[in-house]
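Colleague: First the structure, which I've put down as structure tokens, then a few questions once you've had a look.
Protein chains: 2
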Amino acid sequence: MDNKFTYIDGGICAAKGFKASGTYCGIKRPANDTPGVKHKNDICLFVSDVVCNTAAVYTQNKVKGAPIIVTKDNLEKSDNKAIAVIANSKNANTCNADGVEKAKRMCELVANELNIPQEQVVVASTGVIGLTLPIEPVEKAVPILVNGLEYGKNEEAATAIMTTDTVKKEYAVEFEIDGFTCHLGGMAKGSGMIHPNMATTLNFITTDCAVSSKMLQKALSEIVKVTYNCLSIDGDTSTNDMVSLMANGLAGNKEITDECESFEIFKSALYEVMANLTRMLAKDGEGATKLVMCEVSGAKDKETAIICAKSVICSPLVKTAMFGADANCGRIMGALGYSGADIDPLKIDVSYQSVSGSVDVCKGGYVVDFNEEKAKKILLDDEITIKVNLNEGNCGITAYGCDLTYDYVKINGDYRT
Amino acid sequence: MDNKFTYIDGGICAAKGFKASGTYCGIKRPANDTPGVKHKNDICLFVSDVVCNTAAVYTQNKVKGAPIIVTKDNLEKSDNKAIAVIANSKNANTCNADGVEKAKRMCELVANELNIPQEQVVVASTGVIGLTLPIEPVEKAVPILVNGLEYGKNEEAATAIMTTDTVKKEYAVEFEIDGFTCHLGGMAKGSGMIHPNMATTLNFITTDCAVSSKMLQKALSEIVKVTYNCLSIDGDTSTNDMVSLMANGLAGNKEITDECESFEIFKSALYEVMANLTRMLAKDGEGATKLVMCEVSGAKDKETAIICAKSVICSPLVKTAMFGADANCGRIMGALGYSGADIDPLKIDVSYQSVSGSVDVCKGGYVVDFNEEKAKKILLDDEITIKVNLNEGNCGITAYGCDLTYDYVKINGDYRT
Numbered sequence: 047m048d049n050k051f052t053y054i055d056g057g058i059c060a061a062k063g064f065k066a067s068g069t070y071c072g073i074k075r076p077a078n079d080t081p082g083v084k085h086k087n088d089i090c091l092f093v094s095d096v097v098c099n100t101a102a103v104y105t106q107n108k109v110k111g112a113p114i115i116v117t118k119d120n121l122e123k124s125d126n127k128a129i130a131v132i133a134n135s136k137n138a139n140t141c142n143a144d145g146v147e148k149a150k151r152m153c154e155l156v157a158n159e160l161n162i163p164q165e166q167v168v169v170a171s172t173g174v175i176g177l178t179l180p181i182e183p184v185e186k187a188v189p190i191l192v193n194g195l196e197y198g199k200n201e202e203a204a205t206a207i208m209t210t211d212t213v214k215k216e217y218a219v220e221f222e223i224d225g226f227t228c229h230l231g232g233m234a235k236g237s238g239m240i241h242p243n244m245a246t247t248l249n250f251i252t253t254d255c256a257v258s259s260k261m262l263q264k265a266l267s268e269i270v271k272v273t274y275n276c277l278s279i280d281g282d283t284s285t286n287d288m289v290s291l292m293a294n295g296l297a298g299n300k301e302i303t304d305e306c307e308s309f310e311i312f313k314s315a316l317y318e319v320m321a322n323l324t325r326m327l328a329k330d331g332e333g334a335t336k337l338v339m340c341e342v343s344g345a346k347d348k349e350t351a352i353i354c355a356k357s358v359i360c361s362p363l364v365k366t367a368m369f370g371a372d373a374n375c376g377r378i379m380g381a382l383g384y385s386g387a388d389i390d391p392l393k394i395d396v397s398y399q400s401v402s403g404s405v406d407v408c409k410g411g412y413v414v415d416f417n418e419e420k421a422k423k424i425l426l427d428d429e430i431t432i433k434v435n436l437n438e439g440n441c442g443i444t445a446y447g448c449d450l451t452y453d454y455v456k457i458n459g460d461y462r463t
Numbered sequence: 047m048d049n050k051f052t053y054i055d056g057g058i059c060a061a062k063g064f065k066a067s068g069t070y071c072g073i074k075r076p077a078n079d080t081p082g083v084k085h086k087n088d089i090c091l092f093v094s095d096v097v098c099n100t101a102a103v104y105t106q107n108k109v110k111g112a113p114i115i116v117t118k119d120n121l122e123k124s125d126n127k128a129i130a131v132i133a134n135s136k137n138a139n140t141c142n143a144d145g146v147e148k149a150k151r152m153c154e155l156v157a158n159e160l161n162i163p164q165e166q167v168v169v170a171s172t173g174v175i176g177l178t179l180p181i182e183p184v185e186k187a188v189p190i191l192v193n194g195l196e197y198g199k200n201e202e203a204a205t206a207i208m209t210t211d212t213v214k215k216e217y218a219v220e221f222e223i224d225g226f227t228c229h230l231g232g233m234a235k236g237s238g239m240i241h242p243n244m245a246t247t248l249n250f251i252t253t254d255c256a257v258s259s260k261m262l263q264k265a266l267s268e269i270v271k272v273t274y275n276c277l278s279i280d281g282d283t284s285t286n287d288m289v290s291l292m293a294n295g296l297a298g299n300k301e302i303t304d305e306c307e308s309f310e311i312f313k314s315a316l317y318e319v320m321a322n323l324t325r326m327l328a329k330d331g332e333g334a335t336k337l338v339m340c341e342v343s344g345a346k347d348k349e350t351a352i353i354c355a356k357s358v359i360c361s362p363l364v365k366t367a368m369f370g371a372d373a374n375c376g377r378i379m380g381a382l383g384y385s386g387a388d389i390d391p392l393k394i395d396v397s398y399q400s401v402s403g404s405v406d407v408c409k410g411g412y413v414v415d416f417n418e419e420k421a422k423k424i425l426l427d428d429e430i431t432i433k434v435n436l437n438e439g440n441c442g443i444t445a446y447g448c449d450l451t452y453d454y455v456k457i458n459g460d461y462r463t
């Protein structure tokens, strides 16, 4: 899609009427265990000045985090209206016997403090699975969070949802609908256990554009397929994936209620934000040293393009080759071959591309003589595109991933401790 | 299945009438490039004294190595009869424009030297994909290989098919059918790019038991499902996977032509050899420090058991946790949940087991309090079983894998060079 949007600061607070706050409450360990140490935020809240039409997509993992169950239930009860979102890191509140009870309690605490209906609260958790969530720190934190709510405090929230993330992920754009200036922004968390299926890791998006709940859900479901669902860090689909999209309508435009031109503009803005957050998530994959994209073109249909592109970026052998800057295109052909897609190997062209240039490595299914030095130079860059032309049609897609490194092993060999 | 077989030495030469030989011919680099250095074997041949009924299964990767195409074609033409097998390492002869021509030439060279029909030769290659196979070294090697053929030289062949393997893999058993002593043995190669689908990496099995081609294929297809196809090192399905099974009938038993009791004994022997080779492959996975098995029980059907067990052993997060001896059972629950199997998370029990004992970590889908020290002790062993009870039926399976380590990344970041 065309880039006809202005990038702006502000993340989830870029849209009018959204306040945020974040704090450290000590979910993983007592707040006072290491005196003098400033802990990173582990819980955040953001709130709209008015009720929002809300859409959400959730993990397809059959093992679902308790917050997923509770949020889904809340939005059903509230007819897809929400005002506030509370999210914590360090504990996923999943596979716990008292998980649902605790997740509901989090919503109740927020609802009471803000004096809003409990079912208009979205709750999300990320972190270690199978650890009992201590509720006392949350009980203490909620009044502090409510008290700290401010416009423009998006960063406090964005840092509170980080786990093994090395950078916060925020993106926002400004666009125009019917002469009204609209804003749409979001924040994302995630670094490992990322292989989204219908949704991904925690992602929160807000907008002041007026859009009906139905059209919001339509836009979100469509765009998630070509952004987050084309992302894989390690092939592991999380139990707590969720994307929520809240629209409070404060921009003043006439509410979008069908597939009009305004809806297309809105979807483009949503794509812009979600695609950029997806890139950020991929680049900050656990242990990653580079962003690896696979751009598939010439597919007979979109589904084939997605299957092929994801198979390439998920292959551990491709990922380690990218880490080693090894132009081993046999591994790319191998990954395309076992993808399950109905493709003709003898039509496939493959090339590598980066800011340093581009080099063809495979033509019609056969590896060609190529300049190894040039390929090495390209693969040493920190953003690489593996271009695959299936030469069978006109559909295409880009999938986002990263390399597989020593540090991925290090981070995950010892995550809980 | 019961262990009613006697383990014997001899690998592919354990069965009567099979001779083997191996040599170094310099496929990857000129033989004389490093004077004084003794290179490892890179090509081997084994031959039966009489024509064999033969069965084979091949990779389901759509990108197939040229040797796969040629072997399949040969066995079709020969009505599943074979006498000789030639196999090389260091070059997969895949994604090469002249691949089929070269693979055929390998068969022709063997056929001419042994004075047998060309279509009774099985050819297999393993190694780097997309490198032109130099045929001159093979032309020089074939007379040497034929000249060197001897009973009991199985080790020379078993070492010739090694790539990143750190140990050769051979297994053989003796069993009795109708009072006749039969032998069945095999060798396998493989360490990375292992995620078999209907077949796996190079595996050659020989027997002197008399079995019709039809029943051989039936036995092989059945046993491969519960052995090699339950193995994953890295989730990458190779382009050159193949298992061949040759029976020369020299044991003297009446040929097995239907599903009689003898067929069951034969299948048990085949399972014994293939399951042990599978364990060896898993334990020697690239960079692996330990064998990780997932034993799923209580599944409503075998397919569900296989999907669940493979999802657990394929999960990079489970694999890194095993490397770190971290009893992070949330990752196991996560992998079961995204496996795609139709299961009820709230019925799942999980425990860890090794020679050091066993510890329950999850009951009815919820993580339980467990002795972390005991779990650590178990997970520090070099053979670990993750036991998963789905509590929904009576079917079970064991899948074989290994941990994901720094060395996997190291080996594969720099494989071609």
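Each protein sequence line maps, in turn, to chains A and B. Residue numbers for the first sequence follow our numbering, beginning at 47 and rising by one. Residue numbers for the second sequence follow our numbering, beginning at 47 and rising by one. Glycine included, each C-beta is placed from N, C-alpha and C at the ideal position. Owing to the predicted nature of the structure, the values given are computational and were not obtained by experimental measurement.
For A321/A, would you say it is in contact with chain B, using Cβ-to-Cβ distances shorter than 9 angstroms as the test?
Modeller: The residue labelled residue 321/A in the question sits at position 275 within the first sequence. It does not; no Cβ of chain B falls within 9 angstroms.
Colleague: How many whole angstroms separate the CB atoms of C71/B and P183/B, which I take to be in contact at a CB cut-off of 8 angstroms?
Modeller: Numbered from 1 along the second sequence, position 25 holds the residue referred to as residue 71/B. Numbered from 1 along the second sequence, position 137 holds the residue referred to as residue 183/B. Correct: roughly 4 angstroms between the Cβ atoms.
Colleague: If you draw a straight line from the alpha carbon of F51/B to that of H229/B, how long is it in whole angstroms?
Modeller: In the second sequence, the residue the question calls residue 51/B occupies position 5. In the second sequence, the residue the question calls residue 229/B occupies position 183. Computed Cα separation, rounded: 10 angstroms.
Colleague: First and last residue of the alpha helix (DSSP H) that includes L36/B?
Modeller: Residue coverage of chain B in this structure runs from 47 to 463, which leaves residue 36/B outside it and unanswerable.
Colleague: Answer with yes or no whether the minimum CB distance from K456/B to chain A is below 9 angstroms.
Modeller: Walking along the second sequence from the start, residue 456/B turns up at place 410. Interface residue, yes.
Colleague: Assign S343/A to one of three DSSP states: helix, strand, or coil.
Modeller: Locating residue 343/A in the first sequence gives position 297, where the first residue counts as 1. Looking at S343/A - three-state DSSP - the assignment turns out to be strand.
Colleague: Could you check the C-alpha separation between I251/B and E147/B for me, to the nearest Å?
Modeller: Taking the second sequence and counting its residues from 1, the one referred to as residue 251/B is at position 205. Taking the second sequence and counting its residues from 1, the one referred to as residue 147/B is at position 101. If I take the Cα positions, the gap works out to 26 angstroms.
Colleague: Kindly indicate the opening and closing residues of the beta strand (DSSP E) around G403/B.
Modeller: Counting from 1 along the second sequence, the entry for residue 403/B is found at position 357. That run of the beta strand (DSSP E) goes G403 to K409.
Colleague: Please state if the CB of A373/A and the CB of K422/A are separated by a distance shorter than 9 angstroms.
Modeller: For this step, residue 422/A is matched to residue 376 along the first sequence. For this step, residue 373/A is matched to residue 327 along the first sequence. Yes, they are a contact pair.
Colleague: Buried or exposed for P362/A, going by 16 or more other Cβ atoms inside 10 Å?
Modeller: Counted from its first residue, the first sequence places residue 362/A at position 316. P362/A is buried by the Cβ-count criterion.
Colleague: Looking at chain B, is there any beta carbon in it that lies within less than 9 angstroms of the beta carbon of D372/A?
Modeller: Position 326 of the first sequence, counting from 1, holds the residue named residue 372/A. Chain B, which has a Cβ nearer than 9 angstroms to the Cβ of D372/A, makes this yes.
Colleague: For Y454/A, which of helix, strand or coil comes out of DSSP?
Modeller: Working through the first sequence from its first residue, we reach residue 454/A at position 408. Three-state result, Y454/A: helix.
Colleague: Assuming D406/A contacts N437/A under a Cβ cut-off of 8 angstroms, what Cβ separation, rounded to an integer in Å, is found between them?
Modeller: Here residue 406/A corresponds to residue number 360 of the first sequence, with the count starting at 1. Here residue 437/A corresponds to residue number 391 of the first sequence, with the count starting at 1. Incorrect: roughly 13 angstroms between the Cβ atoms, too far for contact.
Colleague: Pull out every residue of the stretch 358–370 of chain A whose Cβ sits closer than 9 angstroms to any Cβ of chain B, in chain order.
Modeller: Answer in chain order: C360, S361, P362, L363, V364, K365, T366, A367, M368, F369 and G370.
Colleague: If the cut is a Cβ gap below 8 angstroms, which residues of chain B does L382/A touch?
Modeller: On the first sequence, position 336 is the one that residue 382/A refers to. Going along chain B in sequence order, the residues near L382/A (Cβ under 8 angstroms) are K108 and V109.
Colleague: Using a Cβ-Cβ distance cut-off of 9 angstroms, determine whether L291/A contacts chain B.
Modeller: For this step, residue 291/A is matched to residue 245 along the first sequence. Not an interface residue.
Colleague: List the residues of chain B whose Cβ lies closer than 9 angstroms to the Cβ of S284/A, in chain order.
Modeller: As a position in the first sequence, residue 284/A is number 238, starting the count at 1. In chain order: G380 and Y384.
Colleague: So which residues on chain B does T451/A lean against when the C-beta distance must stay under 7 angstroms?
Modeller: By 1-based counting over the first sequence, the position of residue 451/A is 405. Those are V455, listed as they occur along chain B.
Colleague: According to DSSP, D415/B sits in a beta bridge with which residue or residues?
Modeller: Locating residue 415/B in the second sequence gives position 369, counting from the first residue. Partner(s): none; D415/B has no beta bridge.
Colleague: Whose Cβ in chain A lies nearer than 8 angstroms to the Cβ of A143/B?
Modeller: By one-based count along the second sequence, residue 143/B stands at place 97. Per Cβ cutoff of 8 angstroms: Y412.
Colleague: Would you call the stretch 270–284 of chain B and the stretch 158–167 of chain B in contact, with 3 or more CB pairs under 8 angstroms?
Modeller: These segments do not touch.
Colleague: Using the three-state DSSP reduction, which class does N49/A fall into: helix, strand or coil?
Modeller: If you number the first sequence from 1, residue 49/A lands on position 3. Bear in mind that a pLDDT of 47 at N49/A, under 50, signals an unreliable position, so the model cannot answer this.
Colleague: Per DSSP, what are the beta-bridge partners of Y197/B in this structure?
Modeller: On the second sequence, residue 197/B is found 151 positions in, with the first residue counted as 1. Bridge partners of Y197/B: K65/B.
Colleague: Where does G376/B land, buried or exposed, given buried means 16+ other C-beta within 10 angstroms?
Modeller: By 1-based counting over the second sequence, the position of residue 376/B is 330. By the 10 Å Cβ count, G376/B comes out buried.
Colleague: Going along chain A in order, which residues have a C-beta closer than 9 angstroms to the C-beta of E175/B?
Modeller: Start at 1 with the first residue of the second sequence, and residue 175/B comes out as number 129. According to the sequence shown, residue 175/B is Ile rather than Glu. Those are N374, C375, G376, R377, M379, G380 and V413, listed as they occur along chain A.
Colleague: So is P391/A in contact with chain B if we call contact Cβ pairs under 9 angstroms?
Modeller: Indexing the first sequence from 1 puts residue 391/A at position 345. With 9 angstroms as the cut-off, P391/A counts as an interface residue toward chain B.
Colleague: Indicate whether at least one CB of chain B lies closer than 9 angstroms to the CB of T253/A.
Modeller: By one-based count along the first sequence, residue 253/A stands at place 207. No, T253/A lies away from the interface with chain B (no Cβ there is under 9 angstroms from its Cβ).
Colleague: What are the boundary residues of the alpha helix (DSSP H) that M379/A is part of?
Modeller: Position 333 of the first sequence, counting from 1, holds the residue named residue 379/A. Run containing M379/A: C375 to G383, per the alpha helix (DSSP H) assignment.
Colleague: Using 8 angstroms as the threshold, is the stretch 299–311 of chain A in touch with the stretch 219–233 of chain A, meaning 3 or more CB pairs across them?
Modeller: Cβ pair count under 8 angstroms is three or more, so yes.
Colleague: For a test of the three-state rule: what should DSSP assign to A371/B, helix, strand or coil?
Modeller: The sequence position of residue 371/B within the second sequence is 325, counting from 1. Looking at A371/B - three-state DSSP - the assignment turns out to be coil, as it is neither helix nor strand.
Colleague: If I'm right that T431/B touches E341/B with Cβ under 8 angstroms, what's the distance once you round it to whole angstroms?
Modeller: Counting from 1 along the second sequence, the entry for residue 431/B is found at position 385. Counting from 1 along the second sequence, the entry for residue 341/B is found at position 295. With 8 angstroms as the limit, T431/B and E341/B qualify as a contact, their Cβ atoms being about 5 angstroms apart.
Colleague: Where C90/B and E154/B are concerned, what is the direct C-alpha to C-alpha distance, given to the nearest angstrom?
Modeller: Position 44 of the second sequence, counted from the first residue, corresponds to residue 90/B. Position 108 of the second sequence, counted from the first residue, corresponds to residue 154/B. Rounded to the nearest angstrom, the two C-alpha atoms are 15 angstroms apart.
Colleague: Scan the stretch 424–451 of chain B for residues whose Cβ lies nearer than 7 angstroms to a Cβ of chain A and list them as they occur along the chain.
Modeller: Answer set for the stretch 424–451 of chain B: L450 and T451.
Colleague: So which residues on chain B does C408/A lean against when the C-beta distance must stay under 9 angstroms?
Modeller: As a position in the first sequence, residue 408/A is number 362, starting the count at 1. Under the 9 angstroms cutoff, chain B gives C141 and G176.
Colleague: Of the choices L248/A, K336/A and C360/A, whose alpha-carbon is the least far from that of M320/A?
Modeller: Here residue 320/A refers to the residue found at position 274 of the first sequence. Of the listed residues, the one whose Cα sits closest to M320/A is L248/A.
Colleague: Please classify S94/A as buried or exposed, where buried requires at least 16 other C-beta atoms within 10 Å of its C-beta.
Modeller: Counted from its first residue, the first sequence places residue 94/A at position 48. Flag for S94/A reads buried.
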